[in-house]
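Participant: One structure, pasted below without further comment.
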Amino acid sequence: MDDEYDIWYRDPRLMAHNMLANPTYKNEIDYTLFREYDAANDTLQWKDFISRDWAWQQADEISKDPNTHGSAFVPIILGSDKTTISVGTGNNEYYPLNA
Numbered sequence: 136m137d138d139e140y141d142i143w144y145r146d147p148r149l150m151a152h153n154m155l156a157n158p159t160y161k162n163e164i165d166y167t168l169f170r171e172y173d174a175a176n177d178t179l180q181w182k183d184f185i186s187r188d189w190a191w192q193q194a195d196e197i198s199k200d201p202n203t204h205g206s207a208f209v210p211i212i213l214g215s216d217k218t219t220i221s222v223g224t225g226n227n228e229y230y231p232l233n234a
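Following this line, the structure appears as structure tokens:
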């Protein structure tokens, strides 16, 4: 196993801080958990990640620890897709991780 690889890394905590502080995302990020109901029949609507039961369960679990009081649940949704970079790399495949 003598292959060498370049791994590029960014601090995920710093990345989350930068994303939350960026005014570009002001209207794109839900900063609090919420539940949305259909007014016509009072049924729960399931359309946003942060309104799902799992997000509420995670927040409940976090709140059990007194050291986390005042903090926020900040889930990061990531995606990866293979990309072939051919110029100057000999057609190496890369798997960039996107937030």
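Per the working numbering: the sequence shown ends with 234, consecutive numbering throughout. Even glycine gets a Cβ: it sits at the ideal position worked out from N, Cα and C.
Where does Glu139 fall in DSSP's three states?
Facilitator: Correct three-state label for Glu139: coil.
Participant: I believe Ser186 touches Glu171 by the beta-carbon criterion, under 8 Å. Please report the beta-carbon distance rounded to the nearest angstrom.
Facilitator: Indeed, because the Cβ distance is near 6 Å, the residues count as touching under 8 Å.
Participant: Rounded to a whole number of angstroms, what is the C-alpha to C-alpha distance between Trp191 and Tyr144?
Facilitator: Straight-line Cα distance between these residues: approximately 30 Å.
Participant: Gln180 bridges to which residues according to DSSP?
Facilitator: Note: Gln180 sits in a beta bridge opposite Glu171.
Participant: Output yes or no for whether 8 Å exceeds the beta carbon distance between Pro147 and Ile211.
Facilitator: Their beta carbons are under 8 Å apart, which means Pro147 touches Ile211 by this criterion.
Participant: Return the chain-ordered list of same chain residues with a C-beta closer than 6 Å to the C-beta of Thr178, the five sequence neighbours on each side being excluded.
Facilitator: So the list is empty, once near-sequence residues are dropped.
Participant: Which same chain residues, not among the five before or five after Asp165, have their C-beta less than 6 Å away from its C-beta?
Facilitator: Only Ile185 meet the Cβ criterion.
Participant: Please state the DSSP three-state secondary structure of Arg148.
Facilitator: Three-state result, Arg148: helix.
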